[in-house]
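See structure below.
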Amino acid sequence: EGMDSESSSSEDDDVVVAVLLMREANRPSRCRFNFERCQTDPVWRKKFRFDKDEIMLLVQLFGLPEPFPTTQRYNVAALEALCIFLRRMAYPVRLGDLEDLFGRDTTAISSISNAVPDFIYDKFNYLLEFDHSRLNADTLSAYAEAVHAKGAPLQTCVGFIDGTVRGTCRPTRNQRYMYSGHKVRDFLDRKHALKYQSVIAPDGIIIHLSGPYAGTRHDAFILHESKLLE
Numbered sequence: 209e210g211m212d213s214e215s216s217s218s219e220d221d222d223v224v225v226a227v228l229l230m231r232e233a234n235r236p237s238r239c240r241f242n243f244e245r246c247q248t249d250p251v252w253r254k255k256f257r258f259d260k261d262e263i264m265l266l267v268q269l270f271g272l273p274e275p276f277p278t279t280q281r282y283n284v285a286a287l288e289a290l291c292i293f294l295r296r297m298a299y300p301v302r303l304g305d306l307e308d309l310f311g312r313d314t315t316a317i318s319s320i321s322n323a324v325p326d327f328i329y330d331k332f333n334y335l336l337e338f339d340h341s342r343l344n345a346d347t348l349s350a351y352a353e354a355v356h357a358k359g360a361p362l363q364t365c366v367g368f369i370d371g372t373v374r375g376t377c378r379p380t381r382n383q384r385y386m387y388s389g390h391k392v393r394d395f396l397d398r399k400h401a402l403k404y405q406s407v408i409a410p411d412g413i414i415i416h417l418s419g420p421y422a423g424t425r426h427d428a429f430i431l432h433e434s435k436l437l438e
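The working numbering applies: residue 209 is where the sequence shown begins, and numbers increase by one.
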């Protein structure tokens, strides 16, 4: 009986090995992106919306560590990490669509593409609240003059408040807090959503951003909570 058990276990192991070998043989070869391409190669801007020299400069300006680590213990070159994130942002794609491009599985791509914006946000999120170094007296004065020069009666307007509603899937729990009955023309655009409020400067730069807020919240409430008027 013991011999039969050992024989059966050995056969099971052989089957597992055979299946793994078949999967490896049937797996399509991946043509991994060549990060040694020259800076002027147009494929960089086509895939990532930036040239290679611009991406390398962003790596330095963002201060991405080398190698770039993720919470799932992936370690990847900073250039590749930023390219994975930029590719995800350049055009709506599924994680599986990027496997061949980067030669990594979806788990790694997901981990890296999420870790990069988390790193950037943790390091620079204070700029979304108020960039004191940029919004100095001279800059604010130039903004006000630009707005007034376009015919606005106000002489102290330096930005424009804007709100946006970003639709979401119906939450499993507490969905009523995300439900927005936003009126559009003669009908209600009923959906679950998150709301954000921003201030746009005359040069198109967002100089203040607050949110997200629950879809049920009114614009007046969001303005008060943002403390923008204080």
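Don't be surprised by glycine CBs; every beta carbon is placed ideally from N, CA and C. Computed from a prediction, not measured in an experiment: that's the story for all the values here.
So, using beta-carbon positions, are residue i and residue j closer together than 8 Å?
i	j	result
Phe256	Leu294	yes
Val284	Pro273	no
Met386	Gly359	no
Lys403	Arg425	yes
Leu265	Leu290	no
Ser319	Arg296	no
For residue i, does the count of other Cβ atoms within 10 angstroms reach 16, so buried, or fall short, so exposed?
i	result
Thr278	buried
Ser418	buried
Leu306	buried
Val324	buried
Lys260	buried
Phe332	exposed
Ala233	Interpretation of Ala233 is limited by its pLDDT of 48, a score under 50 that renders its predicted location unreliable; the figure taken from the coordinates is listed afterwards. Per the 10 Å Cβ criterion, exposed.
Lys327	The identity of residue 327 in the sequence shown is Phe, whereas the question assumes Lys. Buried.
Quick check: what's the CA-CA separation for residue i versus residue j?
i	j	result
Cys365	Asp308	50 Å
Leu362	Val373	28 Å
Ala409	Glu438	18 Å
Gly367	Ala352	8 Å
Ala354	Lys399	38 Å
Asp411	His356	14 Å
Asp370	His416	10 Å
Ser341	Phe270	17 Å
Leu431	Asp249	46 Å
Tyr282	Ala298	23 Å
Gln405	Gly304	34 Å
Ile317	Ala345	43 Å
Ser388	Gln268	41 Å
Tyr329	Arg302	23 Å
Arg381	Asp427	24 Å
Leu436	Val407	9 Å
Pro300	Asn242	22 Å
Glu244	Ser434	45 Å
Closer than 8 Å by C-beta to residue i: which residues in its own chain qualify, once you throw out the five before and the five after it? Chain order, please.
i	result
Ile413	none
Gly375	Lys399, His400, Ala401
Ala350	none
Ile263	Trp252, Phe256, Leu287, Leu290, Cys291, Leu294
Phe429	Tyr421
Phe258	Trp252, Leu266, Leu294
Which residues in the same chain have their Cβ closer than 6 Å to the Cβ of residue i, if we skip the five residues on either side of it in sequence?
i	result
Arg378	His400
Suppose the cutoff is 7 Å on Cβ atoms and the five residues either side in sequence are ignored; what does the same chain contact list for residue i look like?
i	result
Leu343	Ile415
Gln280	Ser319
* To do: Would you be able to state if there are at least three C-beta pairs under 8 Å between the region 301-317 and the region 325-339?
  => No, the region 325-339 is not in contact with the region 301-317.
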